[in-house]
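Protein chains in written order, with this note's numbering: chain A, 106 to 587; chain B, 3 to 295; chain C, 8 to 322; chain D, 26 to 722.
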Amino acid sequence: QDLQTGTLRVGTLNDIANYDPQQFSTINFPLIKNLYDSLIEYTENGEPVPSLAESWEIAEDNRSVTVTLRDDVTFHSGKTMTSADVDATLQKGANPERGKNVFATMAVVENWETPDATTVKLNFKQAVPDKQILDLLQFLIVLEAEGVDNIEAVPAGTGPFKLANRVVGQSITLEANENYWREGEPILEGVEFTVFTEDASMTAALESDALDLIYNGSSRAAVRLRDAGYTVVAGPGKLVQVFRINTTRGPFQNESFRQAFNYLMDRDAILRVGYAGLGEVTALPWAPASPAADPAYNETYAYNLDKAKELLDASGLSDAEKSDWTILTNGGQEDAVAISQIVQGSLAEIGINVELDVRQSAEFTTALLAGDFFATFGGVGNVQKFPSRVATNSIYRTVNNPVLKDPHPHPEYVAAIEQVNSAFGEDVQAAYDNLNKVLVESAFGIPTNSYETGLIVAAPDVGGFTLDIDNLLVARTLGFTN
Amino acid sequence: MKKWLQALRRNLVALMRRPGAALSVIFLLAITLAAIFADFLPLDPLRQRVANALMPPNGTNWFGTDELGRDIIARVVYGARTSLITAAGAVAIAAAVGVPIGLVAGFFGGWRDAVLMRFIDVLLALPGILFAMAMIAVLGRSQLAALIAVGVTGIPSFARITRAQVLALRKRDFVTAVESFGGSSGYNMFRTILPNSWSPILVQVVVLSSVAILLEAALAFLGVGVPPPTPSWGEMLRTGKNYLYEAPYYAILPGIVLTLTILSFDTIGRALTEILEDRHDTGAGLKPEGSKA
Amino acid sequence: MIGYVLRRIAQLLPVLLIASLGIWGMLYAVPGGPVGMLLGENATAEQIAAVTRDLGLDRPVLVQYFDWLVGALTGDLGNSVYSQEPVLKLIGERLPATLQLAVAATIVALVLGIPVAIISALYPNSWIDRILSGWSALALGVPTFWLGILLILLFAVQLRWLPSASTYVAFWDNPVQALRSVALPALTLGIYVSGILARFLRASLVSELRADYVRTARSKGLPERQVVGTHIMRNALLPFITIVGLMMANFIGGAVVTEAVFNYPGIGRLMIGAISNRDYPLIQGCIVVILVIYIAINLAVDVLYAYIDPRIEYS
Amino acid sequence: MDAGTVTTVGNGSVSEPVLSVRGLEVDFVGSGHPVPVVRGVDFDVYPNEVLCIVGESGSGKSVTALAVSGLLPETARIRGSIGLNGTDVTSADDETLRMMRGQEVGFIFQDPATTLNPVLPVGRQITEGQLAHGRLKPADAPARAVELLREVDIADPEGRANQYPHEFSGGMRQRAVIAMAMAGKPKLIIADEPTTALDVTVQAQVLAVLARRQAETGAAVILITHDLGVVAEVADRVAVMYGGRIVETGPVGDIFKSPKHPYTSALLQSIPRIDATEARLEPIPGTPPTPAALPTGCTFHPRCMLGNGRPRCQSEDPALRPVGPTQMAACHYAEEPRPTPQAATVRSAPAPRTGGEPLLAIDDLKVHFPIRKGILRRVVGHVRAVDGVTLSVDPGETVSLVGESGCGKTTTARTVMGLIKATSGDVRFEGRSIVGLSRGAMRKARRQMQYVFQDPFSSLNPVLAVEDIIAEPLRIHGLYDEMGGDKRIAELMDMVGLSRTMFGRFAREFSGGQKQRIGIARALALQPKLLILDEPVAALDVSIQAQVLNLLQDLQKELNLAYLFVAHNLSVVRHISDRVAVMYLGRIVEESERDALYDSPVHPYTQSLLSAAPVPNPEGRRARRRIVLEGEIPNPAKPPPGCTFHPRCFRATERCRSEVPAFLPYPGLPTRAACHHAGPLRPEEVPGPARDLEMVR
Ligand SMILES: Nc1ncnc2c1ncn2[C@@H]1O[C@H](COP(=O)(O)OP(=O)(O)OP(=O)(O)O)[C@@H](O)[C@H]1O
Ligand SMILES: Nc1ncnc2c1ncn2[C@@H]1O[C@H](COP(=O)(O)OP(=O)(O)OP(=O)(O)O)[C@@H](O)[C@H]1O
Ligand SMILES: [Mg+2]
Ligand SMILES: [Mg+2]
Ligand code: NI
């Protein structure tokens with residue numbers, strides 16, 4: 106395919122507030138893969154391929170990995186990348202205050218060595234499964250040592266594009282990195298992000314040809330635009346919507362009451378109304394690509410009010426107790442509002458009337474972070490990777506869980522995660538099965554469906570899409586077809 | 003009391019003589035009755051049938067259904083309840099706070115006037131919608147919060163109208179007359195000036211009702227109104243706007259009802275102004291030609 | 008004249024102070040803070056504590072307020088908590104967009120409102136008056152957000168003439184693009200305001216038409232055009248200036264809803280975002296700027312008024 | 026423009042009328058039935074002639090005048106013919122009418138405060154009409170404006186032409202309007218109550234200017250007024266209007282000497298006269314009709330003494346027909362002799378003062394209002410509204426306070442009542458000082474002293490029924506039941522001549538005269554000893570004015586009330602007072618017993634005031650000399666030094682400029698005056714041939 110260069114106009118829904126790739130969240134998704142490269146990458150099927158790391162060697166005992174860096178990579182500043190930069194990156198990641206999202210993944214790392222300019226050796230606290238090691242390498246974006254301290258405000262790394270200009274709350278412009286190490290990439294001269302606050306406006310801008318591509322828009326708009334001839338690109342990195350339950354509060358302390366919610370989720374309706382049917386229903390927190398995925402659970406725990414009612418009755422709670430809680434809802438998210446109402450409606454069908462506790466963004470996040478809720482919807486990520494990575498999401502954390510607090514009230518879950526982490530060979534499938542069973546029984550998170558994140562809708566003349574395992578926007582292979 | 007009723011009846015009759023105002027009264031009456039007796043109608047605003055989502059208007063669902071398969075007309079009717087309660091409460095708050103402020107400021111003048119009016123200036127200087135949003139941020143999203151926020155933004159208009167009225171009346175001889183035979187300030191304010199200020203205050207009540215409905219809807223549209231699933235017109239427009247392509251009627255039909263309601267209040271307000279002005283209820287404008295005054 | 012301006016400013020300063028202190032206090036009474044928004048939902052307690060400390064949000068509220076106040080008095084409104092950018096810069100980037108919309112909407116409002124008012128005032132209670140009064144009632148009664156939706160439905164969805172979403176394009180950079188992107192929001196706001204203006208101007212024209220000096224002017228044998236154009240308009244336009252000024256002042260922060268419908272990057276939406284993110288310095292900054300503009304426009308209107316109306320002296 | 030056919034031969038005898046109105050009828054079509062406002066009016070006006078149209082409020086004077094120039098609003102339906110210099114106004118198109126205005130007919134309206142556009146310079150407004158008619162080049166307009174202003178005696182016309190109306194005083198504005206109306210040298214000037222809003226001294230100035238300009242241009246003048254004094258002073262011919270018709274017309278002398286229509290004669294008897302001391306006025310019973318509810322037949326019959334219930338008057342509207350050689354009247358029985366009015370008994374001279382303790386004693390009262398300016402609202406000066414007033418009122422006595430507008434009459438009265446704080450001086454009531462009393466004590470003192478307001482339309486609370494209005498003072502003092510409750514209210518209503526059937530009605534349902542009665546009843550509720558009446562009849566029509574004045578006199582006799590009567594109408598004051606005090610710029614300049622003051626005034630201000638007042642007697646006008654005061658009342662914030670009257674005084678000397686005259690008894694008269702040169706008017710002080718309407722003829 107012959108792709109032309111040009112400036113790609115991209116619409117995105119969140120202002121990009123932060124250039125720290127270790128603060129891995131929707132607000133900088135559009136930038137990460139374009140400003141930075143990581144040690145290794147996954148193909149869309151989850152196969153590891155080299156990137157900044159030329160090669161890597163996992164020790165026999167799975168207690169260390171040795172990474173060999175490319176020697177021809179320069180940072181945006183012009184400086185050549187060495188193992189010292191990886192060292193600085195790892196130090197940041199291992200720092201509880203500054204490591205942010207990487208910190209949890211780094212938990213398995215004991216220490217590291219940089220014997221020469223192109224070699225880094227990571228030592229683990231115990232034997233770590235291959236997949237988990239690869240995830241860590243894929244997660245490690247190399248920062249320039251000098252820029253680490255100021256990384257939030259000024260990008261310092263190596264990647265196909267450089268930051269050219271930013272107008273807060275309105276736009277970010279990237280320009281091609283001429284000294285990029287990958288041959289023939291990037292094709293584009295630059296990428297211009299325009300920040301929108303509303304999905305509808307962003308879609309309209311694409312339709313009126315003010316944009317070439319929109320990123321992370323709503324599924325509903327994507328479906329409509331697909332029918333209108335636009336290209337819709339859905340990657341493997343789905344999120345799973347989880348009805349999170351604070352099992353330390355109110356009726357949810359009762360296990361039978363909780364378990365009823367496995368049957369209470371009208372997953373088809375939720376998928377259709379909230380996500381225009383893009384995604385799959387799931388009773389487990391796994392994307393279809395995950396090794397732990399088990400479609401049988403979807404049958405077993407399909408929407409069934411009678412079963413739910415049985416379990417509720419079995420809980421022995423009074424009617425007043427059953428209704429004595431609220432669903433915390435993020436008023437700023439249309440899908441959350443809609444699907445919370447669906448749950449509310451299902452509950453009403455069996456005589457449980459609860460209210461939505463609708464809060465706006467900051468207030469919602471604060472309540473979420475403090476675990477100050479009974480139940481709420483929230484998407485979880487890393488569900489397509491190594492199953493124990495699910496524990497990086499707050500509700501699934503085994504320690505420092507902000508909702509369930511320490512000690513973890515569901516030790517069987519902590520043990521099941523541990524088992525996954527230490528299982529090798531034949532034990533692996535058994536560990537996964539056990540984890541799935543524990544998940545539905547302890548019922549602190551009731552997954553409903555997987556859904557698209559980082560959905561790309563592009564004008565027909567845009568081509569060269571590269572799918573990313575995390576559904577990040579990869580612009581380096583994009584170009585125009587005419 | 004009887005006189006008051008008489009006056010009310012007289013004004014109502016005059017109102018019903020104007021075709022526009024009469025239609026508006028009938029429309030509002032219908033909306034109000036529907037809102038009050040909604041529970042007796044075969045309408046359920048919360049009943050979801052997701053399989054029937056986004057159905058265009060048809061025999062069962064006259065206004066179609068929304069994204070959760072709820073009956074839009076049911077939500078419009080119950081939304082009227084939200085709007086009317088918010089409007090009534092807000093207007094009551096605004097009047098209860100604004101009128102005394104205006105009375106005191108206008109009657110005593112001096113530092114009391116200066117202090118109270120500065121306070122009113124603050125309320126006035128910030129756009130009402132921003133102010134209301136800040137209030138709701140403080141109070142949390144609820145019907146009560148919306149009602150208070152909308153009410154607070156209405157205080158300045160009552161205060162200013164009352165104050166203007168007091169200033170105009172205070173110079174009038176019948177107020178001086180009360181003073182001349184020894185009536186106290188309180189007597190003058192509440193027994194002489196206030197009863198003579200009813201017409202502009204009444205008009206303001208009607209005008210502010212439409213403003214309150216509009217503001218409530220705007221807040222809901224911005225996503226800070228009455229929390230879902232409670233039906234609210236603004237919220238319906240907000241959600242409906244997302245389905246402009248699939249289901250344009252979802253935003254259009256509730257919008258029509260909202261607009262008609264606002265227009266009705268507005269029409270009545272204007273008619274009332276004209277009627278009360280014509281009648282010289284306050285004696286204003288009654289000056290014989292050739293008088294030496 | 009200068010004394011007059013000074014006195015007005017002296018009167019309005021307390022307004023600013025009360026407002027900023029009031030809002031500050033109010034926001035701190037609210038649950039939720041900026042830190043969560045900043046760190047995302049997977050943040051740990053340590054991270055939260057660290058960021059709170061870095062932002063100085065752990066100090067007593069009053070200390071924070073006075074810090075801010077001292078800064079504000081020296082022209083420094085602080086940095087946004089959320090984006091770490093100077094508040095003045097953030098506002099400065101939005102202000103041109105806001106002003107462009109305000110001016111465009113005012114032009115629409117005047118172009119629609121003035122002729123309507125004049126025609127219906129000249130033929131009071133005629134059918135044309137009734138139609139035009141109905142039009143201004145409609146302009147006032149249709150909620151802007153609904154009108155905006157209808158306009159989008161018509162011009163963007165059906166006809167595909169104009170974009171449904173507006174970005175800010177400076178007029179002198181690209182007039183055509185600027186007009187295209189400001190057209191729908193300006194129309195939405197302008198139609199609404201034209202209703203207010205038309206109604207107001209009609210009322211004052213009708214009352215001026217009854218004034219004695221109009222009869223005098225006619226008794227001199229002046230042509231009707233001159234009676235209306237010179238005598239009546241001059242008098243009716245005086246209070247009208249005040250209203251137009253107030254409207255413009257209101258556009259600065261009050262066009263939130265229209266901005267939301269069209270995704271227009273104005274000050275109002277900046278402030279709404281700041282409120283929901285609990286970005287305290289930015290909220291304060293927006294309020295102060297909105298108030299200052301409000302006060303400045305009011306002052307300008309008063310001075311202009313006093314300048315045009317020979318009866319008023321600046322005393 | 027074609028005006029060549031008219032030749033002026035002399036006073037009133039002219040070949041052809043400038044204006045000829047025949048069968049003029051005007052209806053107003055509003056929302057309801059059409060309301061007939063003018064119902065068949067015929068009259069002619071000749072060059073160089075003054076036609077006065079008189080009549081009570083609402084009789085259709087203004088509508089008739091507006092019809093003549095086609096200025097009526099669109100709601101008016103006009104029938105009949107109006108021939109203005111050969112053009113028929115009723116059928117003319119807009120452009121013809123426009124060209125006619127300003128060239129053929131000029132207008133002067135009543136209220137100088139509102140007839141000029143406040144936002145345009147006066148000079149521009151004066152020449153605008155001429156510019157629009159293309160009779161003046163824009164370049165010449167400023168010079169022409171100055172010239173026109175000079176012609177109406179405006180000092181410094183160059184500077185004034187660029188000023189705005191608010192910088193002009195009332196009299197100057199009215200003169201500017203005259204300049205404007207006459208700019209195009211129209212053949213006809215219509216002046217609709219041009220002096221009603223002005224003080225007598227200013228009225229004299231304005232009428233003088235009008236007359237001179239008329240003489241210079243030879244125009245015909247229609248002057249509308251309700252003041253018979255003005256009519257007698259200026260008219261050549263008179264048309265009396267009633268209920269939308271002319272009921273009588275004729276030369277001014279004949280009308281005053283032998284009125285043929287009973288309404289004309291009743292009107293003449295109902296006005297108090299400055300040149301006589303009648304004991305009692307002869308009011309016309311009832312109230313003027315409203316056009317929406319006209320009586321059948323002769324509209325005057327319900328109030329007519331002559332008709333007196335004769336069936337013909339009730340069924341047949343009489344035509345205007347010649348009665349005698351010069352007059353025309355619309356009365357079936359115009360030739361019948363009038364029932365003799367009660368012999369105009371001359372009122373006995375006021376009783377000599379008792380010399381005992383006065384009921385009310387005002388001693389050197391001063392009221393200064395601060396003027397504030399600047400950022401800090403500093404006091405930069407004072408309006409000396411009342412600046413040293415000394416006056417007393419005995420029990421049962423009527424003391425009047427007269428003076429021109431703004432001289433401080435109302436302020437004095439309100440300060441006595443305690444409604445305004447006195448700056449200095451003392452007010453004693455029955456020997457006790459009531460200045461600076463505590464609230465409670467003030468309330469008690471007020472019981473004995475009540476106030477009646479000028480404007481009956483604004484002094485009654487519109488939301489209260491009549492009985493509640495009257496009861497309000499009783500309720501406030503908690504005396505309602507003690508003083509007899511409903512019975513007391515009914516008694517008070519009887520006392521002021523209101524029917525008890527009116528209980529439950531609101532103020533708006535009463536006519537002006539009835540409202541003023543309610544105000545009086547309310548003032549009487551607490552059984553006061555003193556009533557302070559602030560221009561109680563100024564807002565009323567003459568026929569109603571007489572009713573109220575009679576009522577006041579009766580009440581005084583019955584209840585032994587004392588009155589402090591504030592007024593600017595010298596005739597009314599002469600009629601009602603025992604003693605009179607004349608105020609000028611916050612001070613009393615002369616005070617005396619009524620007849621002494623009117624017959625032998627000693628202060629030059631009193632003398633000019635009296636000479637400026639029009640006398641309703643056309644016979645005497647040729648003989649009368651008139652002092653026209655120059656200038657206007659000075660600003661009370663900056664009173665002139667010395668005697669405040671000196672800038673306008675014809676006797677002023679150096680001494681008056683520097684030394685404030687003391688308020689001293691004048692030897693030989695019961696008078697006190699504040700003047701260095703007090704003394705009777707000497708013939709040489711009256712200006713030679715006054716520039717008066719009369720003189721130019
Ligand atoms: N524009 C109008 N519409 C309806 N009625 C009117 C209008 N103008 C005048 N009238 C009525 O016509 C009648 C005569 O009015 P007009 O002004 O001629 O009285 P007037 O004799 O000039 O009285 P005044 O002495 O008070 O000036 C009044 O009853 C008045 O209410
Ligand atoms: N509250 C006030 N503040 C300032 N000046 C005042 C106030 N009240 C009256 N004056 C001024 O005091 C002077 C006297 O006013 P006052 O009303 O007593 O006159 P008046 O003789 O009753 O006049 P009129 O015949 O017009 O009723 C006027 O110049 C007036 O402008
Ligand atoms: Mg008149
Ligand atoms: Mg007065
Ligand atoms: Ni008079």
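All C-beta atoms in this analysis are idealised placements derived from N, C-alpha and C, irrespective of residue type, glycine included.
Remember, it's a predicted structure, so these values are computed and weren't measured experimentally.
How about residue i and residue j: are their beta carbons less than 8 Å apart?
{"i": "D:A81", "j": "D:P313", "result": "Here the sequence assigns Glu to residue 81 of chain D, which means Ala is not the residue at that position. It is a contact, given that the beta carbons lie within the stated cut-off."}
{"i": "B:S252", "j": "B:G100", "result": "Residue 252 of chain B is actually Tyr in this sequence, not Ser. No."}
Apart from the five residues on each side of it in sequence, which residues of its chain come closer than 8 Å, Cβ to Cβ, to residue i?
{"i": "C:V268", "result": "T151, F152, G155, I156, I159, P192 and T195"}
{"i": "D:A368", "result": "Residue placement at D:A368 is poorly supported in this model, since its pLDDT is 49, which falls under 50; the coordinates are not used for a value here."}
{"i": "D:E601", "result": "Sequence inspection shows Ile at residue 601 of chain D; the Glu mentioned does not correspond to that position. Once the five neighbours on either side are set aside, the close Cβ partners of D:I601 are P297, T423, S425, L574, L577, Q578, Y588 and F590."}
I want to verify the contact list: residues of chain B whose CB lies under 8 Å from the CB of residue i, in sequence order.
{"i": "C:P21", "result": "R120"}
{"i": "A:Q358", "result": "Here the premise fails: no neighbours, minimum Cβ distance about 26 Å."}
Could you tell me which chain A residues have their CB closer than 9 Å to the CB of residue i, listed as they occur along the chain?
{"i": "C:A163", "result": "A309, E312 and S313"}
Leaving out five residues before and five after residue i in sequence, what residues of the same chain have Cβ atoms less than 6 Å from its Cβ?
{"i": "D:P347", "result": "M353"}
{"i": "C:T174", "result": "S188"}
Rounded to whole angstroms, what's the CA-CA distance from residue i to residue j? Just pull it up for me.
{"i": "B:P202", "j": "D:R676", "result": "56 Å"}
{"i": "D:R525", "j": "D:F590", "result": "28 Å"}
Quick one: does the C-beta of residue i sit closer than 7 Å to a heavy atom of ligand 4?
{"i": "D:D559", "result": "yes"}
{"i": "D:T435", "result": "yes"}
Sorry if obvious, but does the Cβ on residue i come closer than 7 Å to a heavy atom of ligand 1?
{"i": "D:H357", "result": "no"}
{"i": "D:S84", "result": "yes"}
Name the chain C residues whose beta carbon is nearer than 8 Å to that of residue i?
{"i": "D:S82", "result": "Ordered by position in chain C, no residue passes the 8 Å Cβ test against D:S82, which lies about 17 Å from the chain."}
Please compile the residues from chain C whose C-beta is within a distance smaller than 7 Å of the C-beta of residue i.
{"i": "B:F223", "result": "F152 and V264"}
Give the interface partners of residue i over in chain D, defined as CB-CB distance under 7 Å, in chain order.
{"i": "B:G185", "result": "I501"}
Examine ligand 3 and report whether any of its heavy atoms sits within less than 7 Å of the Cβ of residue i.
{"i": "D:S87", "result": "yes"}
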